[in-house]
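The sequence shown begins at 1 in full-length UniProt numbering and counts up one residue at a time. We treat Cβ as the ideally placed atom computed from N, Cα and C, and that holds for glycine. Written out below as structure tokens is the structure these notes cover.
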Amino acid sequence: MVGAANGVAGHGKDMLAMFPEALKSLAEADPEVAAIIEDEKRRQWRGIELIASENFTSRPVMEALGSCLTNKYSEGQPGARYYGGNENIDRIENLCKARALEAFHLSPDQWGVNVQPYSGSPANFAVYTALLSPHDRIMGLDLPSGGHLTHGYYTAGGKKISATSIFFESLPYKLDMGTGYLDHEKLEERALDYRPKLIICGGSAYPREWDYKRLRQIADKVGALLMMDMAHISGLVAAQEAAQPFEYADIVTTTTHKSLRGPRAGMIFFRRGPKPADRLGRDEDAGAVYDFEDRINFAVFPSLQGGPHNHQIGALAVALKHVQTPEFKQYAQQVKRNAAALGDTLTKHGYKLVTGGTDNHLVLWDLRPEGITGSKMEKACDLCHITLNKNAVVGDVSALTPGGVRIGSPAMTSRGLKEEDFARIADFLHEVLEECKATQRKSGKKLLEFSNTIETSPVIADIRRRVEEWAGSFPMPGFDVSAL
Ligand code: DSN
């Protein structure tokens, strides 16, 4: 019998002769990688994590991610695989799909889900592959307005950046320059001219609610399908702490590791069954049914992907169970309260937020009135062990020097922080910004000189010491920090 390394006999000895690391711990087998992972644990625990798309997942999710499910190939759908030996993988994937529909309050008569996309970008590309022909027209929120690369991004100069703009024709829509809210009137006007086949909503840096009803009206007016990429807010949607896209969208995609707090993966929800009377196409009669399911499943595999990552699917099933608990609902409510508290405190310090606040998990801080770029603030925060990212803000003229930073609450809320703690984070950010201004007065505006100067700032070193002490006092989901 093959047991623990020290009790191996018989065939076990033969195996270990050929595969000596098979039963070792990571620390024994590869101390170099193990040490880097320990360093990363320390970094996550001792810092303030404010990247709006990140979160800290749970121990059982990580256990499933590190399980034997990673060993199996299972191309195809449950019950129709290309290889044998998939009886347990079928059970896991079916469970994951059932939980996905339950978590988002969807009836299997009206919605189906594909849980195989490796992450959000492949999920989006699979939808386009399934439902569009090459060079069909799409419209998504422009990246500098808070949209995502995969919604058709190319630069203002015409350079095609995302494959979604290389293989499809794309016309972005934007925010209202004055308010920072989505400009539905302009979108409608442009859509009427452009006649896209698909309108994509959702984004990576939009702090406000989506008006799905209005977006549906526009899509119907131009005969377009409507897709919502809810990656950032899917945890809020599942907890019914955000408007529900499903009533209005044809397709809903998401990643699973942001506010949903699962493993790194993706999902595609698609309508199925008979089409409601108001969704019939021009040439369709009553009783016509959606044909998305086969097209989307075929696009995911074999068109785009190979074998599903079953360890991700198993881990996602675990996360989707947690998502349906009252505790997750409380978490989602706290995520919103914490983002609002952070925004309120920044506003009290006299700072400007895009749209003046937030409805969800993130705030966009417009730093232009302070004379500091997003890149400088990001750099200074990094030195203080506060992780956030530079971000374009409405009206930015150059995408290369974004005028703001994006700040999200999901990760630190998972560590148990409440409103007063996020007010404290805003105070830390205020201190960092003050030091950025003082540094810039000495270094001048060039990023390189600024960076060199701020790296040696004793004020920054002092903030870092206090940040690490404070952040280290909060619990850490997923792993034990006592030995770090
Ligand atoms: N990288 C993610 C984000 O930060 O929003 C999106 O892909």
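State buried or exposed for residue i, treating a residue as buried only when at least 16 other CB atoms are found within 10 Å of its CB.
i           : result
G3          : With a pLDDT of 44 at G3, under the threshold of 50, the modelled position of that residue is not reliable, and no figure is offered here.
M1          : Reliability of the predicted coordinates at M1 is poor, the pLDDT of 39 falling under 50, and no value is obtained from them.
E370        : buried
L448        : exposed
H135        : exposed
P475        : exposed
G112        : buried
T179        : exposed
G152        : buried
A9          : exposed
Y351        : buried
H349        : exposed
S482        : exposed
K24         : exposed
P31         : exposed
K258        : buried
P276        : exposed
D220        : exposed
P122        : buried
M377        : buried
A103        : buried
K442        : exposed
F301        : buried
residue 548 : Beyond the ends of the chain as shown, which are 1 and 484, falls residue 548; an answer cannot be given.
I166        : exposed
With the cut-off set at 8 Å, would you say residue i and residue j are in Cβ contact?
i           : j    : result
T439        : T401 : no
L362        : I425 : no
S170        : Y154 : yes
D250        : M267 : no
L316        : P263 : yes
A156        : G202 : no
E293        : F269 : no
residue 492 : Y206 : The question about residue 492 has no answer here: the residues shown for the chain are numbered 1 through 484.
V467        : I386 : yes
S119        : T255 : yes
R43         : K321 : no
Y248        : L215 : yes
A299        : T129 : yes
L131        : L225 : yes
A380        : E469 : no
A340        : G357 : yes
S74         : N310 : yes
L388        : K41  : no
E284        : A243 : no
I161        : L175 : no
K336        : N360 : yes
I138        : I51  : no
V318        : P60  : yes
L260        : V323 : yes
W365        : V405 : yes
N297        : L417 : no
S414        : F422 : no
R464        : L383 : yes
L304        : F168 : no
P108        : E93  : no
A471        : I48  : yes
S58         : G478 : yes
State the beta-bridge partners of residue i as determined by DSSP.
i    : result
Y173 : L141
I407 : V363
R81  : G76
I51  : Answer is none; I51 lacks a bridge partner.
L182 : L175
*Whose beta carbon lies closer than 5 Å to any heavy atom of the ligand DSN, going through the chain in order?*
S53 and S204
*At 4 residues or longer, and completely inside the segment 187-273: list those alpha helix (DSSP H) runs for me, N to C.*
212-222 and 234-238
*What residue ranges within the segment 418-484 form continuous alpha helix (DSSP H) runs of no fewer than 4 residues, ordered along the chain?*
419-443, 447-454 and 458-471
*asked:* So within the segment 279-353, which uninterrupted alpha helix (DSSP H) runs reach at least 4 residues, ignoring any that extend past its ends?
replied: 292-298, 310-323 and 326-348
*asked:* To test your reading of the DSSP string, which unbroken beta strand (DSSP E) runs of 3 or more residues are found completely within the segment 104-159?
replied: 111-114 and 137-139
_Whole beta strand (DSSP E) elements within the segment 365-405, 3-residue minimum_ = You should have 389-391.
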